[in-house]
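Numbering (the working numbering), first residue to last: 420 to 556.
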């Protein structure tokens with residue numbers, strides 16, 4: 420655990436480690452392990468935004484390891500959070516949705532979710548990507 424995590428043992432603090440394992444170290448197995456820890460902390464704290472972001476990171480790592488069925492399960496959890504109108508950071512799921520779509524999985528659901536999310540996204544690059552995904556056929 421990093422010093423930051425030790426000082427701030429929240430899921431949000433640990434989420435930075437998830438990103439480090441996924442983006443910098445390119446270590447999907449460690450990403451999966453750490454994302455699952457963050458998910459447990461976020462659920463315990465009822466921290467929806469951290470949970471949502473950790474699920475998206477977990478989904479990407481599962482795709483990296485070829486665990487498509489597990490990634491579909493993550494998509495289902497993300498869809499549930501969106502339909503329940505939970506407090507989330509829109510845009511954090513974009514790469515996961517794009518990769519799932521490219522894998523040929525749950526395309527109808529992904530287009531539908533992207534169409535719902537795009538108008539509420541505050542970051543133009545993510546809005547553009549979500550709109551593009553929503554318009555795919």
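The beta-carbon is built from N, C-alpha and C at its ideal position, and this holds for glycine as well.
Three-state secondary structure assigned by DSSP to residue i
i           : result
residue 420 : Because the pLDDT at residue 420 is just 47, under 50, the model does not fix this residue reliably, and the value given afterwards should be weighed accordingly. It is coil, neither helix nor strand.
residue 537 : helix
residue 453 : helix
residue 485 : coil
residue 514 : helix
residue 476 : helix
residue 425 : A caution first: residue 425 carries a pLDDT of 48, below 50, which makes its placement in the model unreliable, though a value can still be read off. Note: residue 425 maps to helix in three-state DSSP.
Of the residues the options, the one placed nearest residue i, counting alpha carbons only
i           : options               : result
residue 515 : 507, 455, 527 and 497 : 497
residue 540 : 511, 527, 502 and 530 : 511
residue 506 : 481, 434 and 469      : 469
residue 529 : 556, 504, 508 and 543 : 556
residue 439 : 483, 466 and 476      : 476
residue 430 : 464, 443, 508 and 452 : 464
Integer Cβ distance of residue i from residue j, believed to fall under 8 Å
i           : j           : result
residue 494 : residue 519 : 6 Å
residue 457 : residue 434 : 5 Å
residue 447 : residue 488 : Not really, about 16 Å apart at Cβ, beyond 8 Å.
residue 509 : residue 532 : Contact flag wrong, Cβ pair sits at about 10 Å.
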